[in-house]
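The structure appears below as structure tokens.
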Amino acid sequence: MSILVSGDTRLLVQGITGREGQFHTAQMVEYGTRVVAGVTPGGAGREVAGVPVYNTVREAVESTGANTSIVYVPAPFAPDAVYEAAASGIGLIVVITERIPALDELNMYEYVRRKGSRMIGPNCPGLTTPGEAKVGIIPGNIHKRGPVGIVSRSGTLTYEAVAALTARGIGQSTVVGIGGDPIVGTSFLEVLEMFERDPETEAVVLIGEIGGEAEEEAAGYIGEMSKPVVGFIAGRTAPPGRRMGHAGAIISGGRGTAEEKVRALEAAGASVARSPSEIAELAERALSRR
Amino acid sequence: MSILVSGDTRLLVQGITGREGQFHTAQMVEYGTRVVAGVTPGGAGREVAGVPVYNTVREAVESTGANTSIVYVPAPFAPDAVYEAAASGIGLIVVITERIPALDELNMYEYVRRKGSRMIGPNCPGLTTPGEAKVGIIPGNIHKRGPVGIVSRSGTLTYEAVAALTARGIGQSTVVGIGGDPIVGTSFLEVLEMFERDPETEAVVLIGEIGGEAEEEAAGYIGEMSKPVVGFIAGRTAPPGRRMGHAGAIISGGRGTAEEKVRALEAAGASVARSPSEIAELAERALSRR
Amino acid sequence: MNLHEYQTREILRRHGIPVPPDQVASTPEEAESAAAAIGGEVVIKAQVHAGGRGKAGGVKLANSPVGAREAAEQILGMQIKGLPVNKVLVAPAADITNEMYLGFILDRANKTVTLMASAAGGVDIEEVAERTPEKIVRAQADPVIGFQPYQARDVAYELGLSGRHVRQFADIAMRLYDVFLENDASLLEINPLAIVASGDLQALDAKMVVDDNSLFRHPELAAMEDHTQLAPSEVEAARAGITFIKLDGDIGCMVNGAGLAMATMDTVKLYGGEPANFLDIGGGASAEQVTAALNIILADPKVRAVLINIFGGITRCDVVARGILEGLSAVERRVPMVVRLVGTNEEEGRRILEGAQLPTASSLSEAAERVVRIARGEETPAPTPGA
Amino acid sequence: MNLHEYQTREILRRHGIPVPPDQVASTPEEAESAAAAIGGEVVIKAQVHAGGRGKAGGVKLANSPVGAREAAEQILGMQIKGLPVNKVLVAPAADITNEMYLGFILDRANKTVTLMASAAGGVDIEEVAERTPEKIVRAQADPVIGFQPYQARDVAYELGLSGRHVRQFADIAMRLYDVFLENDASLLEINPLAIVASGDLQALDAKMVVDDNSLFRHPELAAMEDHTQLAPSEVEAARAGITFIKLDGDIGCMVNGAGLAMATMDTVKLYGGEPANFLDIGGGASAEQVTAALNIILADPKVRAVLINIFGGITRCDVVARGILEGLSAVERRVPMVVRLVGTNEEEGRRILEGAQLPTASSLSEAAERVVRIARGEETPAPTPGA
């Protein structure tokens, strides 16, 4: 088993003819993901990496039965792409696009929920269920299938954790990058709940960072989980008041510090790594204790 | 039994200190309706017809347990009053105010539904459950309690029908004026469903008029009802393309004519009166046939 | 409230929708100089709140400024469906490749704003909707996020457009939606939305109906209302807060409430009479309004009898009764009247009227039957009291 | 992006929020004539993107134009928290009866826009929120219908206002909400919102932070950015599409991805080093961006060693490697470097660097440990190749 994406994923790529869309479609196809369709308005009739392109999501869904979409559309047009996907019945919408205005993200969140779909991201690296489906931009070759679920607000830091686990011979059930923006479609908490229910997942790695209260919210649930959680929080050395790249990563008014988050996670029973390299070590220990 | 309003109704009057609010509050109190509170921003501490006035709906609900509200607030401020009522947990909101812009009505409809409340109106005369509660502006003295439910898009035409029934000795379970605007909170169909479920109601009078398709929609359900329905459609002589007072009452593009509506109602098994005075006659016949 | 084509064009233009340049002319001379300024072949179009102006001769082509003047001479002063043409629009005659329809309406059934489009433009869309509904493409705005570009593109592809036409169509549709919302429209349409010789989309004709109830927040639109397009009596009624619509019969009707007003007209007709008007004096009619209503009804020389039907709720019968007497003392013309007055303060109202020798009826049927007989001369009424 | 007080005041004023008249001055003379034009007692306020300007001496009262000039002389050219004061605002000194706080924020936890208000205004609201959260009144905008007047009135009553103050507060709150949405703000506050001698509410100070991601649709706001309030290196970085924040240490960091960049800094610190900066070269960094990043890092004379940590995903290691070499050939300054390059096209990237005698590390810990030792002089690095 796994969560969110699997061999049953029938993937649609929105913005498939753009530079990133083309590159990552090829990568996803190569990985073995079932990429069934692409959409670019005016692009109908083309093919990208062997994948047929349609003008509209509706057409693509009708023709190919796509059930998941990944969005590479530039920020000014990304909300429209997400609405189109949700309105067309796509159940899982993974938004890679970064720099989407927060007020648009509020609307996207609201609309997708109301349509009964789920959004991952925006500004996220996507998800991978090793050996089944790579839906995003996480390099495929660093994965190995196994018992650890990963959920992260970060992009490349996620790769770091995955690679470290794999290097130690520890595989992953599903790796989920939820995105670094203040408003994201799916929270740590929701992914933890999915991992808790997933029979394959035996331990979870949660990678957070400064800013917001998503890690604290997640900690509230970790105490109830039957599975061990290993945490890592980036930004221990970040100065208050300066935004660390991600729109969300800012310590303001003394809230959102790494210390607070580490404390919350540890209080909930998670073991928290001090450096990325420690994550794999703690995960191994957590698995061996089960 | 009855529908929507009864002796359990704890009524809040929004806009209670206005001319209409004051007049009708006195009338409703006199009728015996449990009017527990009024709201007018800045009016706290006053009393109208013995009813205490509050600044906000939240305060009024907290202090009095109001569960139903009636809105006499002028059109530019009425949407805000409706949002306030719905946000404060009022379950039934009766909007007497006329001339509210249609785009506001769309938002009111959407918001009230999402909050799990029900709106009657706007631009309606309200409802009466004879002998229990009069929530609106229908003259109290024309009613008599009994087995006929009335639902109407019209104001004074409703009074006409009620008075005619009462004159013939036929009482009413509940009289519901749903309002004459193109966008209203509660449809004919929904009220018919409530009457169908109400054990006291034995027959229903439906008073429609030209414009829109609400009567046709209702006809679709009348065929399934166990109770007889008597219909009347105003506007047989109305010329196409001219709006007959109500924002909704217009025959456009050959649709919404009285003939179409009469045909739909008759096809569904309703008996349709040719004049208001015939309504009571047909209702009597319907009751006697049961 | 209807806007004229020239007013709607200007609003669309301000919102970046491609509308060819045009000028409005109130005289043949203005039309001539407008045509000279525009150059080339021009079209001269009557500005009137009536459909079918083309068939009625209200649209003409002209090859020269002089031709434009002559066309304007013919059109200005015409009456189309009873409405005067006081202005014409002069615009370049377009070289049209393809005509579409694009509009937004307030969609009461779906409780939202809905786009309607058709590849068959330039014709009456209501006729298309009636005869070949499958030719109309629809898309509903979402209540939370509104109308979105993907919907506009979807419609464009459904209409068979491709390439830049899809982009232009979507851009126009999005702007049109904004105009709809900003102006509280209940109908806003471009017909035809044409592909012209350059290959671009252009709005060649446009129509907007604004929600009357919203005018309190759109003073600029309220100021655009053309009162010459309403019967003077309707304008006067609106000023008094009365809804009045002139009809062709001889029995004047004064009623409170639109539904009851229609039902009263229907009942008059049922007894063989012909109503002269629809008149709703509204919810809380004052004596002044009743007076105004009487004046408006009696201004119609065809009116031979008047039926007053009031069911008091908010409206109090005593107020109405006093208004009737006040009105009668102010108008010169005398016609027989039948008054039916029931509801709030019914007894006092009746007492007032009967004190003035004005007889009252108790049921609508009785009142209608009687007023019809009187109008037909089958019954001689009591003399109407007055000044 | 931060706006200055004077910019925010102007925007609020345009939206009908009562803001006292003011003038901006860049010289003491301008401040003098501004004070003369305003008349009476004035306040002179430093325009700077730093909190606590009052405590830092950046706000002064003056009784006369000459006094205003003298105050401006003292304030202009000050540095507050390292930021230069190039402009002062001159405004009438208000006779304040009561100070409140009113703001809207992007509320990530509740996924909406939330109003925050407090009867204790004029002070740091974050401190109030921290110490006495019960003194803050909140109200969330609804996702469909937005923030509504009843909510503003509710808040006003909670703050203890009454009478016309409730109406004025509600009016200001509604307008402030509109300004928030129209400008894609993430924070917009009036502090203090004061009751002045006339008994009316006035916005005496205002602050707006605009969502950087929205600037593509707000060119007018983007043009208002004051680049003097950022380190020149940060401006340069932004121009190259790089996120750069100067810190106080001596180990320069170049990383792809914000989370990994923070984790890299944390790891450097864990091994006893001090990062000189946060630098995220972004998702698809080009050779040009890598060059720019190197330039920016090396412009800091305190930097004694550089750690480059790239985990290729979208970013390809070969592109980064070529960028590093290109950058090194373009910058003059030589400092020791430790490069860690993994992920997409890792082998090719490493080959390129090793071909140029630039050593690579395979793990972040190893790289961090090494760069710290080098910066401390505990390890002599191989010479860095270059021009």
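Chains as they are written, first to last, in our numbering: chain A, 1 to 290; chain B, 1001 to 1290; chain C, 2001 to 2387; chain D, 3001 to 3387.
Built from N, CA and C at the ideal position, the CB exists for glycine as well.
task: Give a yes or no on whether the C-beta atoms belonging to VAL2335(C) and LEU2298(C) are separated by under 8 Å.
output: Between VAL2335(C) and LEU2298(C), the C-beta spacing is below 8 Å.
- request: List the residues of chain D that ILE93(A) touches, going by C-beta distances under 8 Å, in chain order.
  value: The premise fails here: ILE93(A) is roughly 16 Å from chain D at the closest Cβ pair, so nothing lies under 8 Å.
Contact with chain D by ILE222(A), beta-carbon distance below 8 Å: Nearest CB-CB separation between ILE222(A) and chain D: not below the 8 Å threshold.
- request: May I have the straight-line CA-CA distance separating VAL3339(D) from ALA3361(D), to the nearest angstrom?
  value: Rounded to whole angstroms, VAL3339(D) and ALA3361(D) show a C-alpha spacing of 6 Å.
- prompt: Taking only runs of the alpha helix (DSSP H) that begin and end inside the segment 3093-3159 of chain D, which ones reach a length of at least 4 residues, in chain order?
  reply: Taken in chain order, the complete alpha helix (DSSP H) segments of 4 residues or longer contained in the segment 3093-3159 of chain D are 3125-3131, 3149-3158.
Near-chain A residues of the segment 3202-3225 of chain D (beta-carbon distance less than 8 Å), N- to C-terminal order: Those residues of the segment 3202-3225 of chain D placed with their C-beta closer than 8 Å to a C-beta in chain A are ASP3211, ASP3212, ASN3213, SER3214, PHE3216, ARG3217, ordered along the chain.
query: What did DSSP end up calling MET2019(C) once you bin it into helix, strand or coil?
result: The amino acid at residue 2019(C) is misidentified as Met; the sequence shows Val. The three-state reading of DSSP puts VAL2019(C) in coil, since its state is none of H, G, I, E or B.
query: ILE2145(C) CB to nearest chain A CB: under 8 Å?
result: So yes, ILE2145(C) belongs to the interface.
task: Per DSSP, which residues does VAL2196(C) bridge with? Please list them.
output: When beta bridges are read from the DSSP output, VAL2196(C) appears opposite ILE2096(C).
message: Run through chain A and tell me which residues come within less than 9 Å of ALA3276(D), C-beta to C-beta.
response: Think of a sphere of 9 Å around the beta carbon of ALA3276(D): no beta carbon from chain A falls inside it, the nearest being about 12 Å out.
- prompt: Looking at the unbroken alpha helix (DSSP H) that takes in LEU2201(C), where does it start and where does it end?
  reply: Per DSSP, LEU2201(C) lies in no alpha helix (DSSP H) segment; the continuous beta strand (DSSP E) that holds it begins and ends at 2201-2203.
query: CA-CA distance, VAL1051(B) and ALA2292(C)?
result: Looking at the two C-alpha atoms, the distance is approximately 37 Å.
message: My parser needs the beta strand (DSSP E) runs of 3 or more residues fully inside the segment 1077-1162 of chain B; what are they?
response: Within the segment 1077-1162 of chain B, the complete beta strand (DSSP E) runs of at least 3 residues are 1092-1095, 1118-1120, 1126-1129, 1133-1136, 1145-1152.
task: Could you confirm whether any beta carbon from chain C is found closer than 8 Å to the beta carbon of MET1244(B)?
output: At least one chain C Cβ lies under 8 Å of MET1244(B).
query: Leaving out the 5 sequence neighbours to the left and right, which residues in its chain are closer than 6 Å to GLY2327(C) when beta-carbon positions are compared?
result: VAL2290, THR2291, LEU2294.
message: Against TYR109(A), what residues of chain D qualify as contacts under a CB-to-CB distance less than 8 Å, listed in chain order?
response: Within 8 Å Cβ-Cβ: LYS3111.
- request: Indicate whether the contact test is met: 3 or more Cβ pairs, each with one atom in the segment 3085-3095 of chain D and one in the segment 3168-3180 of chain D, closer than 8 Å.
  value: The segment 3085-3095 of chain D vs the segment 3168-3180 of chain D: no contact.
message: Run through chain C and tell me which residues come within less than 8 Å of GLU62(A), C-beta to C-beta.
response: By Cβ distance, chain C contributes nothing, its closest Cβ being about 12 Å from GLU62(A), past 8 Å.
query: Can you name, in chain order, every residue of its own chain whose Cβ lies under 7 Å from the Cβ of PRO3143(D), other than the five neighbours on each side?
result: Here the set comprises THR3112.
query: Less than 8 Å separating the beta-carbons of ILE2352(C) and ASP2300(C)?
result: Not a contact, by the Cβ cut-off of 8 Å.
- request: State the Cα-Cα distance for the pair GLU2274(C) and ALA2368(C), rounded to the nearest angstrom.
  value: Using only the alpha carbons, I get a separation of about 11 Å.
- prompt: Hey, is MET3265(D)'s beta-carbon within less than 8 Å of any beta-carbon in chain A?
  reply: Yes, contact with chain A.
task: Would you mind working out which of ASP181(A), VAL162(A), VAL71(A) sits nearest VAL204(A), comparing C-alpha positions?
output: For VAL204(A), the closest of ASP181(A), VAL162(A), VAL71(A) by C-alpha to C-alpha distance is VAL162(A).
query: GLU1209(B) bridges to which residues according to DSSP?
result: Looking at the DSSP assignment, GLU1209(B) forms a beta bridge with ALA1234(B).
- prompt: How would you list, in chain order, the residues of chain D whose beta-carbon sits under 8 Å from the beta-carbon of ARG1114(B)?
  reply: Chain D residues near ARG1114(B): VAL3144.
field: Boundaries of the beta strand (DSSP E) in which TYR1054(B) is found, first to last residue
entry: Counting along the chain, the unbroken beta strand (DSSP E) around TYR1054(B) starts and ends at 1051-1054.
message: Give me, in chain order, the residues of the same chain whose beta-carbon lies closer than 6 Å to that of TYR221(A); leave out the 5 immediate sequence neighbours on both sides.
response: Excluding sequence neighbours, TYR221(A) sits near LEU189, LEU192.
task: With 8 Å as the C-beta to C-beta threshold (strictly closer), list the residues of the segment 174-208 of chain A near chain D in chain order.
output: So the list reads GLY180, PRO182, ILE183, ILE207, given in the order they occur along the chain.
- prompt: Can you give the Cα-Cα distance for PRO3149(D) and ARG1034(B), rounded to whole angstroms?
  reply: Taking the straight line from one Cα to the other gives about 28 Å.
- request: Using a Cβ-Cβ cut-off of 8 Å, state whether ILE1120(B) counts as contacting chain C.
  value: With 8 Å as the cut-off, ILE1120(B) does not count as an interface residue toward chain C.
- request: Consult DSSP for SER1069(B) and reduce its assignment to one of helix, strand or coil.
  value: Residue state, collapsed to three classes: strand.
task: Would you check if there are 3 or more beta carbon pairs closer than 8 Å linking the segment 2214-2228 of chain C to the segment 2255-2270 of chain C?
output: No, they do not touch.
field: 7 Å Cβ shell around ALA286(A) - same chain, five flanking residues per side excluded
entry: Taken in chain order, the residues that qualify are ALA203, PRO228, VAL230, SER271.
task: Could you tell me whether the Cβ atoms of THR1068(B) and LEU1012(B) are closer together than 8 Å?
output: Contact flag set, yes.
message: Starting from ALA2321(C), trace the alpha helix (DSSP H) in both directions and tell me its first and last residue.
response: Here the alpha helix (DSSP H) through ALA2321(C) covers 2317-2330.
query: Does any CB atom of chain A fall closer than 8 Å to the CB of VAL3342(D)?
result: It does; some Cβ of chain A falls within 8 Å.
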